[in-house]
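Residue numbers (our numbering): 58 to 266.
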């Protein structure tokens, strides 16, 4: 049993109760202003069942589109402690990027900026401004992930694409409520998900279209 936070007789809120109420976590009033909430542990079997549909292994990276990478880097490196892993560029598609490692874990963060007048990122930034561009998950099997997306009622954008040891598929922002989701499998070892030829796929699903 755990005890929920409470605010009692405060200057703004009088005897307020913070309640976490779900079907599995039912609050019980213990005394005036105090709530006890049961928090059953989630078993490894429950986690396995949650993962059965798409087979997501981990969050790989989050990508932020900006006008100038060098203007955004200090916030991530100097303040948040991220470390630069490398820079990349795709002149054909029209972007430059930086991959960063997030401290304390295996996750990554990316910054993208437009390069060249024809870059799709110019339109993205004009219409939406700097911000979240895409979120990428590693999955166990790309065909299984695509099938799960279809079963959910969404057609994966572009189906499944394979190139240079990578296979990936996408959920378009129009189908997700505003976020471009990317799912990938490393079919040949020792390549990195921040390689520019893999990231370039995301330009085909421009969230401004």
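Each residue gets a CB set at the ideal place from its N, CA and C atoms; glycine is no exception.
Residue i and residue j closer than 9 angstroms at C-beta
{"i": "residue 157", "j": "residue 166", "result": "yes"}
{"i": "residue 163", "j": "residue 115", "result": "yes"}
{"i": "residue 169", "j": "residue 153", "result": "yes"}
{"i": "residue 111", "j": "residue 196", "result": "yes"}
{"i": "residue 194", "j": "residue 113", "result": "yes"}
{"i": "residue 199", "j": "residue 238", "result": "no"}
Chain-order list of residues whose beta-carbon lies under 6 angstroms from that of residue i (same chain, five-residue window excluded)
{"i": "residue 212", "result": "none"}
{"i": "residue 216", "result": "none"}
{"i": "residue 175", "result": "151"}
{"i": "residue 201", "result": "112"}
Contact with chain B by residue i, beta-carbon distance below 9 angstroms
{"i": "residue 157", "result": "Reference to chain B is not applicable here, since this structure consists of a single protein chain."}
Sequence-distant residues of its chain with Cβ nearer than 8 angstroms to residue i (five each side left out)
{"i": "residue 130", "result": "141, 155, 168"}
Residues that DSSP places opposite residue i in a beta bridge
{"i": "residue 158", "result": "140, 165"}
{"i": "residue 113", "result": "196"}
{"i": "residue 122", "result": "169, 188"}
{"i": "residue 146", "result": "153"}
Own chain residues within Cβ distance below 7 angstroms of residue i, not counting five before or after
{"i": "residue 159", "result": "139, 165, 166"}
Point to revise | Contact the stretch 109-126 vs the stretch 180-190: 3+ CB pairs below 8 angstroms | key: yes
Exercise for review: Check whether the stretch 202-210 touches the stretch 130-146, taking contact to mean three or more Cβ pairs, one atom from each stretch, closer than 8 angstroms.
Suggested key: no
Check your understanding: Which runs of the alpha helix (DSSP H) fall wholly inside the stretch 200-231 and span at least 4 residues, in chain order?
Key -> none
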